[in-house]
Amino acid sequence: MRIILFTGKGGVGKTTIAAATATRTAQLGHKTLVISTDAAHSLGDSFDVQLGNSPTRISDNLWAQEVNVLEEITANWQTIQNYMASFFRSTGVDDILAEEMAILPGLDELFGLFHIHKAHQSGTYDCLIVDCAPTGQTLQLLSMPEVARWWMQKFFPVERKIAKTLRAMRKKKIMSIPIPEDSVYASIQQLYDNVGALKETLAEPGTTSVRIVLNPEKIVLEETQRAYTYLNLYGYPVDCVIANRILPDEVTDSYFSTWRKSQRGYMAKMESIFSPLPVLQSKLMRSEIVGRKLLVQLGRDIYSGQDPTKVYCDQRPQKIIRDKQAYVLVLKLPFVKKAEVNILKNAHQLTIQIGNYRRDILLPSALSLLDVEKATLKADELRVTFLKGA
18 MRIILFTGKG
28 GVGKTTIAAA
38 TATRTAQLGH
48 KTLVISTDAA
58 HSLGDSFDVQ
68 LGNSPTRISD
78 NLWAQEVNVL
88 EEITANWQTI
98 QNYMASFFRS
108 TGVDDILAEE
118 MAILPGLDEL
128 FGLFHIHKAH
138 QSGTYDCLIV
148 DCAPTGQTLQ
158 LLSMPEVARW
168 WMQKFFPVER
178 KIAKTLRAMR
188 KKKIMSIPIP
198 EDSVYASIQQ
208 LYDNVGALKE
218 TLAEPGTTSV
228 RIVLNPEKIV
238 LEETQRAYTY
248 LNLYGYPVDC
258 VIANRILPDE
268 VTDSYFSTWR
278 KSQRGYMAKM
288 ESIFSPLPVL
298 QSKLMRSEIV
308 GRKLLVQLGR
318 DIYSGQDPTK
328 VYCDQRPQKI
338 IRDKQAYVLV
348 LKLPFVKKAE
358 VNILKNAHQL
368 TIQIGNYRRD
378 ILLPSALSLL
388 DVEKATLKAD
398 ELRVTFLKGA
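Heads up, the sequence shown is in our numbering, so the first residue is 18 and it goes up one at a time.
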């Protein structure tokens, strides 16, 4: 199955581009499912149909779905939610507030992404198109596998042993705080396993690509550069960017001359800074893009008759190479300055922090037993060298 995720700053038109891409892939004969994981769904508006939590058939080879947050939380979080709510109530929190606090931020998008794993496992579709939340939320969401791994390795094993000991002593509460049952830990483990499987799927360039939608504007371009950097940091492959709402050549009115000049300047800049990623273009159309007919036209224009399922740029954001007696971890980090990068090796993991984003990379055994000799940042690549006895 081919998986393509669309993200971008809010308002750039990523939902429309995702819908147009799905329409195009279906037209080419690929059995396609397009899913919206954005809490503010607008995918159904693009197709001009009512969508729900299960796939709705749009046309030949095309299904669409808007994930229902409440249903997903009930299916994936209920056991943990019940315990957390009882914990908060035991500390004096009001019942309704306790229920709200038991639903962690970002869970709705996370459970939406679980549909990717389910669809991938089912083998029902040839292509899965995902309309993600705006870049800030998506980046937080895609960092969750790293966060979940830390909690499962560092906190829950110790906490579970304590809980077992207390239950063996037939104590149900300490300081009126409820002790979690094994079913809570089983639910947490299942959640962790699903997140881990999802991470593996999304980080495989041959299967998954992230495509960033942007407009040729200063603020949008700067946010897209940051998003591209952080996606590389977390190991998610980006194969192209799509510039949306480009003034077509037939618009010759002098009223748009300044706007056209500005767009051309930013387009030239995009081609330079995102190289070797291709920059696809989506023209500004005469009317609002609603309904399958206009989406078919838009999809054809964006991909210039090509198949959207192709991998436009096959580059791995992370790899390990052998260099004589040393191993080198190579991580693509475009648009980053040396002073912005902090690195720390601790036992079996390497922590890399850039600004507000941090990634804990679980090292393979061959590297975890070695010391970090040096780290260099050159030509958009961070190279961390591991050597025995450094």
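No residue lacks a Cβ here, since even glycine has one placed at the ideal position from N, Cα and C.
For residue i, tell me which candidate among the options has the shortest Cα-Cα distance.
i       : options                               : result
Ser-103 : Glu-117, Ala-92 and Thr-91            : Glu-117
Pro-151 : Ile-337, Phe-23, Leu-294 and Gly-316  : Phe-23
Tyr-320 : Ser-304, Tyr-251, Leu-312 and Gln-298 : Gln-298
Pro-293 : Tyr-329, Leu-250, Cys-149 and Gln-154 : Tyr-329
Tyr-100 : Ser-204, Asp-266 and Glu-234          : Ser-204
Leu-346 : Pro-295, Ser-76, Leu-250 and Thr-49   : Leu-250
Arg-317 : Ala-43, Gly-28, Pro-334 and Ile-20    : Ala-43
Lys-216 : Val-230, His-132, Leu-264 and Val-237 : His-132
Leu-469 : Ser-200, Leu-394 and Met-287          : Coverage of the chain is limited to positions 18 through 407, which leaves residue 469 absent and any answer about it impossible.
Asn-78  : Arg-19, Ala-343, Ala-39 and Ser-139   : Ala-39
Arg-376 : Leu-384, Leu-145 and Gln-335          : Gln-335
Asp-266 : Ser-289, Ala-115 and Leu-301          : Leu-301
Thr-326 : Ser-226, Val-201, Phe-128 and Asp-112 : Ser-226
Arg-281 : Gln-314, Thr-241, Asn-232 and Gly-322 : Asn-232
Asp-148 : Lys-391, Ile-21, Ala-92 and Ile-75    : Ile-21
Leu-384 : Tyr-344, Asp-112, Lys-31 and Gln-206  : Tyr-344
Gln-207 : Asp-112, Ala-92 and Tyr-374           : Ala-92
Leu-156 : Asp-199, Asp-111, Leu-68 and Gly-252  : Gly-252
Gln-98  : Thr-241, Ala-285 and Glu-198          : Glu-198
Arg-19  : His-47, Gly-25 and Met-284            : His-47
Which value, in whole angstroms, describes the spacing of the CA atoms of residue i and residue j?
i       : j       : result
Gly-223 : Val-389 : 30 Å
Ile-378 : Ala-364 : 11 Å
Leu-219 : Lys-135 : 13 Å
Tyr-142 : Glu-88  : 23 Å
Trp-80  : Pro-72  : 6 Å
Val-358 : Ile-369 : 7 Å
Pro-351 : Thr-96  : 42 Å
Ala-35  : Leu-45  : 16 Å
Asp-397 : Val-66  : 44 Å
Ile-372 : Leu-361 : The sequence shown places Gly at residue 372, not Ile. Whole-angstrom Cα-Cα distance: 15 Å.
Leu-348 : Val-255 : 14 Å
Val-29  : Val-307 : 16 Å
Arg-400 : Lys-278 : 39 Å
Leu-50  : Lys-310 : 18 Å
Val-296 : Ser-107 : 54 Å
Val-268 : Arg-303 : 10 Å
Phe-403 : Leu-380 : 11 Å
Ser-53  : Leu-264 : 28 Å
Lys-235 : Glu-305 : 24 Å
Ala-37  : Leu-312 : 5 Å
Phe-128 : Val-230 : 23 Å
Cys-144 : Gly-27  : 25 Å
Met-284 : Leu-315 : 19 Å
Could you give the DSSP three-state label for residue i: helix, strand or coil?
i       : result
Ala-356 : helix
Lys-310 : helix
Ser-292 : coil
Thr-269 : coil
Arg-339 : strand
Val-175 : For Val-175, the predicted model reports a pLDDT of 44, less than 50, meaning its position is unreliable and no value from the coordinates is stated.
Thr-24  : strand
Val-66  : coil
Arg-277 : helix
Val-29  : coil
Arg-317 : helix
Val-237 : helix
Tyr-374 : strand
Asp-143 : coil
Asp-148 : strand
Arg-106 : helix
Asp-112 : helix
Asp-55  : coil
Leu-386 : coil
Arg-187 : Note that Arg-187 has pLDDT 49, beneath the 50 cutoff, so the model's placement of it is unreliable and no number is given.
Leu-248 : helix
Leu-380 : coil
Arg-19  : strand
Glu-217 : helix
Asn-85  : coil
Who does residue i pair with in a DSSP beta bridge?
i       : result
Val-328 : Partner(s): none; Val-328 has no beta bridge.
Ala-409 : Given a span of 18 to 407 for the chain in the structure shown, any question on residue 409 remains unanswerable.
Cys-257 : Arg-228
Trp-80  : Leu-50 and Arg-74
Lys-362 : Leu-367
Arg-400 : Val-347 and Thr-393
Gln-298 : Ala-260
Examine the ligand ZN and report whether any of its heavy atoms sits within less than 8 Å of the Cβ of residue i.
i       : result
Pro-295 : Because no ligand of any kind appears in the structure shown, any question about the ligand ZN cannot be addressed here.
Counting Cβ pairs closer than 8 Å, one from the segment 269-278 and one from the segment 233-245, do we hit at least three? no
Three or more beta-carbon pairs under 8 Å between the segment 205-220 and the segment 255-263, yes or no? no
Looking at C-beta atoms only, is the number of pairs between the segment 51-65 and the segment 335-354 that lie closer than 8 Å three or more? no
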